[in-house]
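A.B. asks: Below: one structure in structure tokens.
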Amino acid sequence: MNEWNIQSRAHACAACERGFTDKEAYHTLLFDEKQDFRRSDVCDACWQKHYSEGARERKGFVSYWHGIYEAPAPAPEAIQKDTAESLLRKLIELNDPKYVPAGYILAVMLERKRLLKIKEQFVRDGQRVFVYEHPRTGDVFTIVDPALQLNQLDQVQHDVAALLEHGLNPPQPEPQTPAQPGESTTPGPIAEAASPTPETEPAETV
């Protein structure tokens, strides 16, 4: 199973395929597909017809909530510096296990800022799984808790700060040219002679 993923809100009902209209109520179901989680958005009529009655275990989904569909807004202009949200999206797309702790901390940061909301949490294969939803876009973030120890938090927070400051490709320090044998890195007579000095009057001759 992937440690995390993002699944965007659908623009049409998964059951009847009718397109959602702005401000329409919809229902989100999260199914456990063993290899990953699958999101399904359905209209209210299909929810009432197919899913509303009976236990969720019998219906096959592990999480459920409802929301209000919002028509997509125009795409914002690209930003130069990563925000916590844009960085989290990049890390999830990258899907590199070494960034799992940083991704978890970013999700917690966004939750505290109320940019993400926890919709569900449960245990799967011995790991705690958080299901977050972005209130504005409806995107669902599935984040696995890496079970960080107290002695790991400082380093992970430092890593997150560095990622927010420099992104995934931090600037590399300029290589220094090594000194050749016999060369000195401190100013010598030549350097001193080249430096500007006050002019002196020529000595008078008798």
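Just so you know, the sequence shown maps onto residues 1179 to 1384 in the numbering used here.
We put the beta carbon where it would ideally sit given N, CA and C, even for glycine.
Would you grab the beta carbon distance between Ile1270 and Trp1182 for me? Rounded to a whole angstrom, and I think it's under 8 Å.
C.D. replies: Position 92 of the sequence shown, counted from the start, is the residue given in the question as residue 1270. Position 4 of the sequence shown, counted from the start, is the residue given in the question as residue 1182. Their Cβ separation, rounded to whole angstroms, is 5 Å, which keeps Ile1270 and Trp1182 in contact under 8 Å.
A.B. asks: Are there 16 or more other CB atoms within 10 angstroms of the CB of Val1301, so buried, or fewer, so exposed?
C.D. replies: Here residue 1301 is taken as the residue at index 123 of the sequence shown, counted from 1. Its Cβ having fewer than 16 others within 10 Å, Val1301 is exposed.
A.B. asks: Could you compute how far the alpha carbon of Ala1256 sits from the alpha carbon of Glu1263?
C.D. replies: As a first step, residue 1256 must be located in the sequence shown, where it is residue number 78. As a first step, residue 1263 must be located in the sequence shown, where it is residue number 85. Low confidence applies here, because Ala1256 scores a pLDDT of 45, under 50, leaving its location unreliable; read the following figure in that light. Spanning the alpha carbons of Ala1256 and Glu1263 requires a straight line of approximately 13 Å.
A.B. asks: Which residues in the same chain as Gly1238 place their Cβ atom closer than 7 Å to its Cβ, once the five residues preceding and following it in sequence are excluded?
C.D. replies: As a working note, residue 1238 is residue 60 in the sequence shown. Taken in chain order, the residues that qualify are Phe1209.
A.B. asks: Closest to Glu1248 by C-alpha separation, out of Leu1341, Gln1327, Leu1207 and Ser1186, would be which residue?
C.D. replies: On the sequence shown, residue 1248 is found 70 positions in, with the first residue counted as 1. Among Leu1341, Gln1327, Leu1207 and Ser1186, the Cα nearest to that of Glu1248 belongs to Ser1186.
A.B. asks: Leaving out the 5 sequence neighbours to the left and right, which residues in its chain are closer than 7 Å to Ala1188 when beta-carbon positions are compared?
C.D. replies: Position 10 of the sequence shown holds residue 1188. Excluding sequence positions up to five before and after Ala1188, its CB lies within less than 7 Å of the CB of Asp1219, all in the same chain and listed in chain order.
A.B. asks: Using a Cβ-Cβ cut-off of 6 Å (strictly less than) and excluding sequence neighbours within five positions of Arg1216, which residues of its own chain qualify?
C.D. replies: Translated into the one-based positions of the sequence shown, residue 1216 becomes position 38. Only Phe1209 meet the Cβ criterion.
A.B. asks: Give me the residue from Leu1266, Pro1275, Asp1214 and Thr1199 with the minimum Cα distance to Glu1246.
C.D. replies: The sequence position of residue 1246 within the sequence shown is 68, counting from 1. In the sequence as displayed, the identity of residue 1246 is Ile instead of Glu. Of the candidates Leu1266, Pro1275, Asp1214 and Thr1199, the one whose C-alpha sits nearest the C-alpha of Ile1246 is Thr1199.
A.B. asks: For Ala1203, which of Asp1323, His1336, Ile1321 and Gly1316 has the nearest alpha-carbon?
C.D. replies: The residue given as residue 1203 occupies position 25 in the sequence shown. Among Asp1323, His1336, Ile1321 and Gly1316, the Cα nearest to that of Ala1203 belongs to Gly1316.
A.B. asks: Along the beta strand (DSSP E) that carries Leu1207, what are the first and last residues, could you check?
C.D. replies: Reading the sequence shown from its first residue, position 29 is the one you call residue 1207. Leu1207 -> beta strand (DSSP E) spans Ala1203 to Asp1210.
A.B. asks: By DSSP, does Arg1187 sit in helix, in strand, or in coil?
C.D. replies: Translated into the one-based positions of the sequence shown, residue 1187 becomes position 9. Residue state, collapsed to three classes: coil.
A.B. asks: Apart from the five residues just before and just after Ile1184, which ones in its own chain have a Cβ nearer than 6 Å to its Cβ?
C.D. replies: Along the sequence shown, read from residue 1 onward, the residue named residue 1184 stands at position 6. Excluding residues within five positions, the ones whose Cβ falls inside 6 Å are Ile1270, Asp1317 and Phe1319.
A.B. asks: Reducing DSSP to helix, strand and coil, say where Tyr1247 ends up.
C.D. replies: As a working note, residue 1247 is residue 69 in the sequence shown. Here Tyr1247 sits in coil by DSSP.
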